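Count along the sequence shown starting at 1, add 68, and that's the number in the numbering used here. C-beta: ideal position from N, C-alpha, C; glycine also. Because the structure is a prediction, the values reported are computed rather than measured. Structure first, then comments.
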Amino acid sequence: MLCPCGSSALFTNCCQPFICKNPPAKQVTTAEQLMRSRFSAYAVKNGQYIYDTYAAAQQVNNSLTDIQSWAEECIWIALVIHNVVNDITENTVEFTAYYIVDNTLCELREKSNFAREQGQWRYIDGKIKLHNELSTINRNEICPCNDYPTAWSAKKGKKFKHCCGK
């Protein structure tokens, strides 16, 4: 299976080792890598990894139950990275995530802030720049994942009911 993060690498060689902590010493080395692995964790519905990669100050504001519910409610289909800044004063990743919830295709564009905490990259917070419902999906339409070159679940030419709408 291709990695949900859109890297074109296999999941087993890309984000899965971070999400599954296998090998245990494998850690993300950049803010972008953390962003990609967090998206992949949403796509494979691993709320624990998402929770664990919040900065400590943010973990108290986010429950594992809420994170897991959000991951399971949505079908995360594609991630597009727009801009990455890694310097002494700023570590940000601007991205758009495409997902389906209740047969509605949505886009979320955010500029996320990251920091190193106890030697590991952590998500601090983000500023949502855009959050739109793009369209309602009819089950007999071609699945919208086919419209995104970075979609990891695309089954080219399949109807929504046979692809992401299962």
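task: Compare the beta carbon distance of Pro72 and Trp220 with 8 Å and say whether it is the shorter of the two.
output: In contact: Pro72 and Trp220 (Cβ atoms closer than 8 Å).
Cβ-based neighbour list, Ile87, same chain, cut-off 8 Å, excluding 5 preceding and 5 following: Result list for Ile87: Ser105, Ser108, Ala109, Val112, Asn114, Tyr117, in chain order.
query: How many angstroms separate the CA atom of Leu70 from the CA atom of Asn214?
result: Separation of Leu70 and Asn214 (C-alpha to C-alpha, rounded to the nearest whole angstrom) is 14 Å.
- request: On the DSSP bridge assignment, give the partners of Lys89 in chain order.
  value: Paired residues: none, contrary to the question.
field: Ala123: CB within 7 Å of a non-hydrogen atom of the ligand ATP
entry: With respect to the ligand ATP, the structure offers nothing, as it holds no ligand at all.
- request: Please check if any C-beta of chain D sits within less than 8 Å of the C-beta of Asn171.
  value: Included in the structure is just one protein chain, with no chain D present.
- prompt: Any contact of the segment 135-153 with the segment 163-171, i.e. 3+ C-beta pairs under 8 Å?
  reply: The segment 135-153 vs the segment 163-171: in contact.
- request: Just the C-alpha distance for Ala146 and Ile210, rounded to the nearest angstrom, thanks.
  value: Cα to Cα, the separation comes out at about 16 Å.
- request: Taking the CB atoms as reference points, tell me whether Thr160 and His150 lie closer together than 8 Å.
  value: Between Thr160 and His150, the CB-CB gap reaches or exceeds 8 Å.
field: Buried or exposed (CB count within 10 angstroms, at least 16 for buried), Ile205
entry: Note on Ile205: 16 or more other CB atoms within 10 angstroms of its CB, so buried under the neighbour-count rule.
message: If I measure Cβ to Cβ from Leu132 and keep anything under 6 Å in the same chain, skipping five residues before and after, which residues do I get?
response: Here Leu132 has Gly115, Tyr119 as same chain residues with Cβ atoms under 6 Å from its own Cβ, once five neighbours each way along the sequence are excluded.
Segments of 4+ residues assigned as alpha helix (DSSP H) that fall wholly inside the segment 110-160: Counting only runs of 4 or more, we get 115-120, 124-127, 132-141.
task: Express the C-alpha separation of Arg190 and Asn130 in angstroms, rounding to a whole number.
output: Looking at the two C-alpha atoms, the distance is approximately 14 Å.
query: For Gln186, which of Leu176, Tyr216, Ala123 has the nearest alpha-carbon?
result: If we check each option's Cα against that of Gln186, Ala123 comes out closest.
task: Quick one: give me the first and last residue of the beta strand (DSSP E) that His199 is part of.
output: Its beta strand (DSSP E) spans residues 188-204.
- prompt: Does DSSP put Thr80 in a helix, a strand or coil?
  reply: Assigned with DSSP and collapsed to three states, Thr80 falls in helix.
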